[in-house]
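Below is one structure; the comments refer to it alone.
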Amino acid sequence: MSEIPPIWIVEPSAREKRRQFSRILISRGSPPDLEAIKLRLRELREHSLHEHTSLLAEFKDNITRYPGIQFKPAGDAEEAADYIQEVAQRTQSIIVNRSSIVTNELKPRLERRGFCVAEPYYAEFHFFENRVRDYWDLPYLLRKELVGNFEISISATELCLPPRCGEAVKNCVAVLGVNAASAKDGSIFFLQHFSNISKSLEQARQVILIVGLDKLVKDKEDAAFQTKCMGIFGMESMLLSLRPRQTEFADIDSLPGFPELEGRAVHIILLDNGRSRILKSSFKELLLCMGCRACITQCPINRSMSQNGAIWSPRDYLFMSLLEESRSMDACLHCEACRVECPLDIDLPRLMWMAEVDKTLRADRTTKYGRTLRDRMLGNPELLARVGSLAAPFSNAALNIDPGKTIVKKALGLDRNRRLPSFHRETFKRWFARGDGRVREAVPGNRRLAYYVGCFANYYQPETGKALVQILKRNGFEVLVPDQKCCGLPMIANKNMRGARRNAEYNVESLAAVVAEGYDIITACPSCSLMIRREYLNFYDSPKARLVAEHLYYVDEYLMGLNRRGDLDTGLAEIPQSVFYHVPCHLKVQDTTGDSLELLHLIPGLSVEKVGTVCCGMAGYHGYKKVHSGLSLEIGGKLFEEIGLAQADKVVTSCGACKLQIEAGTGVKAIHPILLLQEAYGARQHLS
Ligand code: SF4
Ligand code: SF4
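If you read the sequence shown in my numbering, its first letter stands for residue 11, the second for the next number, and so on.
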């Protein structure tokens with residue numbers, strides 16, 4: 011038996027090899043199947059969590075058989091830091107890799123103990139001219155060439171005890187977070203982009219390998235596959251992390267040599283630090299994570315997620331929040347981008363919501379729901395909107411003219427400089443109930459649809475609902491507006507989980523009843539659609555909720571479905587104009603953007619000048635809150651710039667919050683695509 015377990019390093023293969031491989035792949039015409047890779051990865055990680063106890067016992071048993079290893083199980087980060095301090099007594103220099111277990115959980119503790127902690131990873135990119143400022147600058151790297159190009163290229167069994175003669179040993183301790191470890195034989199795996207890991211392994215006086223409990227997998231093959239996946243899926247986030255940042259030092263070569271070759275050792279710390287607790291909690295899904303950081307690539311708040319000089323991914327934020335070592339997750343816009351980007355499909359936004367609610371409940375058990383008065387008021391947005399509509403136009407004046415504006419916005423914790431949307435005294439539902447939108451006669455073919463209106467179209471933008479009803483009538487549908495309440499999404503965002511559950515149950519009962527009568531359901535609000543189709547199943551799953559989710563369609567998706575079957579009236583008048591089409595985040599994640607664009611392309615003469623896909627930064631009331639409004643407008647800055655450059659005749663977006671943010675940031679009116687469609691229909695024939 012060798013003195014230490016095999017240490018493997020996975021790294022991108024050389025450029026020529028990469029080209030050769032790409033040529034082979036291209037000529038074979040068989041791109042790697044990313045979905046199959048994700049599936050295997052998910053199975054591997056699920057096995058790792060499911061068999062956690064036996065893997066842990068097997069790893070401990072195997073690793074302690076290597077005579078050259080000093081093994082230390084550590085219950086928490088303090089215990090691990092104490093051990094490192096003891097090992098590193100004769101040096102002040104600690105070299106670490108970029109792994110989050112080290113940079114987030116250990117590095118701050120080591121610095122507090124007076125060590126100079128350096129990350130040579132960043133120094134290796136000093137020649138890199140960084141043009142990536144944010145996610146919108148990222149190239150799309152997850153292409154076929156990349157997938158085949160992470161290879162197991164170095165076996166660090168070359169790590170010698172003592173090192174080879176003549177090799178310079180530096181007076182430093184390397185503390186390296188392991189990317190995967192095999193329970194079967196103790197093999198250790200690292201991902202490396204240049205040479206920081208191999209250099210640290212070869213030259214550090216002492217090497218301390220940190221194995222998080224969640225990094226244990228069944229065997230060497232699984233460990234290699236997991237590490238390779240980290241490389242494949244994390245490539246873009248790597249570029250994002252390299253954006254200009256302040257880093258102190260450091261190149262291991264610049265450290266002083268260490269004359270004594272004896273006494274070199276390899277230590278393994280098996281670190282729990284809350285992982286066992288999380289494994290037993292409702293946040294267990296988080297430990298499926300392999301640490302690739304892909305979740306940061308499209309995260310609109312990624313620039314604000316830096317702490318202690320480290321750029322945190324959404325996973326890091328959540329994990330550190332569960333360890334109670336970070337600020338709250340309140341900055342999250344719940345845009346869902348991190349879930350979509352995660353190759354393991356970990357539902358980070360839902361877990362963040364749960365973490366926020368947990369935190370609030372723990373913080374104040376003396377109040378009814380542990381929420382502040384502001385949370386409670388904003389957690390009932392429909393109530394606010396109902397009162398505002400009944401009192402319109404006075405409510406609009408009170409909200410936007412002093413002293414009312416200052417008093418109300420202060421009470422609600424809103425930014426007094428942001429203009430709130432106007433309430434309509436005649437809401438959509440009142441208009442519909444008056445009979446204006448109703449179909450009074452039986453419709454040939456019995457085409458029937460139930461319309462889920464949503465709060466924004468009902469209270470703030472009734473013209474969208476009216477336009478939709480008219481378009482549906484034009485296409486021969488009987489339209490029903492079933493009983494409904496706010497979908498609950500803004501309630502969850504303001505920690506009103508109970509209220510959201512009540513509304514979800516109410517809506518599911520009401521909508522399931524109309525589905526049973528043969529109706530499909532349609533909505534023109536991307537967020538309501540996401541909430542009912544997806545989040546209801548996550549939070550309040552039931553057979554009826556599934557039935558409703560299966561029968562609810564986002565409007566563009568439904569109309570394009572009609573068109574594909576030849577059932578949509580395409581007698582549309584020409585609109586010879588250009589549009590800037592902004593895709594709301596909640597629509598992007600439902601994969602209906604293609605339908606939305608196709609629908610716009612049905613309008614003769616209309617040209618889509620540009621499709622904007624960056625986040626507007628608004629997220630409902632979020633951008634109005636004083637504490638977030640600055641960041642919200644900053645995030646929206648890129649979109650405002652794109653809109654300005656495009657100089658299109660119209661700006662189009664289907665999300666009410668995006669509309670308000672665009673109008674606030676650019677001064678340009680943004681309209682729902684349904685209004686354009688109505689215009690195209692209406693120009694040909696009056697629709698009333
Ligand atoms: S939901 Fe959006 S804003 Fe929130 S962490 Fe994920 S990507 Fe970032
Ligand atoms: S949560 Fe983030 S770091 Fe973890 S696997 Fe998913 S994308 Fe990668």
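Backbone N, C-alpha and C fix where the C-beta goes; we use that ideal spot for every residue, glycine too. Keep in mind that this is a model prediction, so the values were computed, not measured.
Check: residue i C-beta below 7 angstroms from any heavy atom of ligand 2
| i | result |
| --- | --- |
| Ile356 | yes |
| Cys302 | yes |
| Pro353 | yes |
| Arg325 | yes |
| Cys465 | no |
| Cys305 | yes |
| Cys299 | yes |
Residue i: CB within 7 angstroms of a non-hydrogen atom of ligand 1
| i | result |
| --- | --- |
| His344 | yes |
| Ala555 | no |
| Cys309 | yes |
| Ser15 | Checking the sequence, you will find Pro at residue 15 rather than Ser. No, Cβ of Pro15 sits at least 7 angstroms from all heavy atoms of ligand 1. |
| Pro500 | no |
| Ala559 | no |
| Cys496 | no |
| Val233 | For the sequence presented, residue 233 should be read as Ala rather than Val. No, ligand 1 has no heavy atom inside 7 angstroms of this Cβ. |
| Cys348 | yes |
| Pro359 | yes |
Simplified DSSP state of residue i, which is helix, strand or coil
| i | result |
| --- | --- |
| Pro118 | helix |
| Asp530 | strand |
| Val678 | coil |
| Arg108 | coil |
| Tyr469 | helix |
| Ser432 | coil |
| Tyr631 | helix |
| Ala46 | helix |
| Arg100 | coil |
| Lys290 | coil |
| Gly622 | strand |
| Cys668 | helix |
| Val449 | Any reading at Val449 must be qualified, since the residue scores a pLDDT of 49, below 50, and its modelled position is unreliable; the value itself is stated next. Correct three-state label for Val449: coil. |
| Thr376 | In this predicted model, Thr376 has a pLDDT of only 44, less than 50, meaning its place in the structure is not dependable enough to derive any value. |
| Val463 | coil |
| Gln80 | strand |
| Thr580 | coil |
| Thr382 | coil |
| Ala658 | coil |
| Leu280 | strand |
| Gly21 | Note on residue identity: the sequence assigns Glu, not Gly, to residue 21. Strand at Glu21. |
| Ser552 | coil |
| Trp146 | helix |
| Lys154 | Confidence at Lys154 is low in this model, with a pLDDT of 47, below 50, so the placement of that residue should be treated as unreliable; the coordinate-derived value is given next. In this structure, Lys154 counts as helix in the three-state DSSP scheme. |
Does the count of Cβ pairs from the stretch 646-656 and the stretch 600-612 closer than 8 angstroms reach three? no
Could you tell me whether the stretch 221-229 touches the stretch 125-135, where touching means 3 or more Cβ pairs closer than 8 angstroms? no
Contact between the stretch 179-186 and the stretch 662-672 is defined here as three or more beta-carbon pairs at a separation below 8 angstroms; is this criterion met? no
Taking only runs that begin and end inside the stretch 590-615, name each unbroken alpha helix (DSSP H) of 4 or more residues, in chain order. 595-598, 603-611
Between the stretch 275-290 and the stretch 332-346, do at least 3 Cβ pairs fall closer than 8 angstroms? yes
Minimum length 4: unbroken alpha helix (DSSP H) runs contained in the stretch 52-78: 62-73
Cβ pair count under 8 angstroms reaching 3, the stretch 604-611 against the stretch 463-481: no
Are three or more beta carbon pairs between the stretch 628-646 and the stretch 569-579 nearer than 8 angstroms? no
Would the stretch 83-98 and the stretch 272-283 be scored as touching if the rule is three or more Cβ pairs under 8 angstroms? yes
With a cut-off of 8 angstroms, do at least 3 Cβ pairs link the stretch 586-597 to the stretch 546-560? no
Curious, which full-length beta strand (DSSP E) runs of at least 3 residues does the stretch 473-528 contain? 487-490
List, from N- to C-terminal side, the beta strand (DSSP E) runs of 3 residues or more that fit wholly inside the stretch 164-238. 180-187, 190-192, 198-201, 214-222
Is it true that the stretch 524-532 meets the stretch 407-415, where meeting means three or more beta-carbon pairs spaced less than 8 angstroms apart? no
Is the stretch 631-641 in contact with the stretch 349-358, if contact means three or more CB pairs nearer than 8 angstroms? no
Taking 8 angstroms as the cut-off, does the stretch 379-394 touch the stretch 500-508 (at least 3 CB pairs, one atom from each stretch)? yes
Three CB pairs or more closer than 8 angstroms across the stretch 57-69 and the stretch 224-242: yes
Report yes or no: do three or more beta-carbon pairs, one from the stretch 241-251 and one from the stretch 296-307, lie closer than 8 angstroms? yes
List in chain order: all unbroken alpha helix (DSSP H) runs of 4+ residues lying wholly within the stretch 329-371. 347-351
Using 8 angstroms as the cut-off, can you tell me whether the stretch 469-476 makes contact with the stretch 536-549, which would need three or more C-beta pairs spanning the two stretches below that distance? no
Answer yes if the stretch 195-209 comes into contact with the stretch 14-21, meaning at least three C-beta pairs across the two stretches below 8 angstroms, and no otherwise. yes
If we count Cβ pairs, one from each stretch, closer than 8 angstroms, do we get three or more for the stretch 512-523 versus the stretch 490-499? yes
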